[in-house]
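A.B. asks:
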Amino acid sequence: MAVPKKRMSHSRTKMRRSINDRLTATQTSVCPSCGEPKLPHYACTSCGMYKNIQAIEVKTYTKS
2 MAVPKKRMSH SRTKMRRSIN DRLTATQTSV CPSCGEPKLP HYACTSCGMY KNIQAIEVKT
62 YTKS
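Take any residue in the sequence shown, count from 1 to its spot, add 1: that is its number in the working numbering.
(1) Measuring alpha carbon to alpha carbon, tell me which of M9, I54, V4, Y62 ends up nearest C32.
(2) Shortest alpha-carbon distance to M50 belongs to which of S34, T27, R13?
(3) Straight-line CA distance for A44 to R18?
(4) Looking at K39: is its Cβ nearer than 8 Å to the Cβ of T29?
(5) Name the two residues that bound the continuous alpha helix (DSSP H) containing S10.
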């Protein structure tokens, strides 16, 4: 079984992990019906459309 010859330092381990542990920004696409940014493969949160059909009913709340 392969065994490392020398112990890897904390700094080297953290440098190696830092490349893979970075967070990536979420990808967004534009809703074709209202033009708002939305997550791909999800219904639009502002108009409720998904693939040109009304998928969800969107309620608008007004403050009084």
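Cβ coordinates follow ideal geometry from the N, Cα and C atoms, glycine included.
C.D. replies: On the basis of the data shown:
(1) Ranking the options by Cα distance to C32, first place goes to I54.
(2) Checking every option, the nearest Cα to that of M50 belongs to S34.
(3) A straight-line Cα-Cα distance of about 35 Å links A44 and R18.
(4) Taking 8 Å as the Cβ cut-off, K39 and T29 qualify as a contacting pair.
(5) Counting along the chain, S10 sits inside no alpha helix (DSSP H), nor does DSSP assign it H or E at all.
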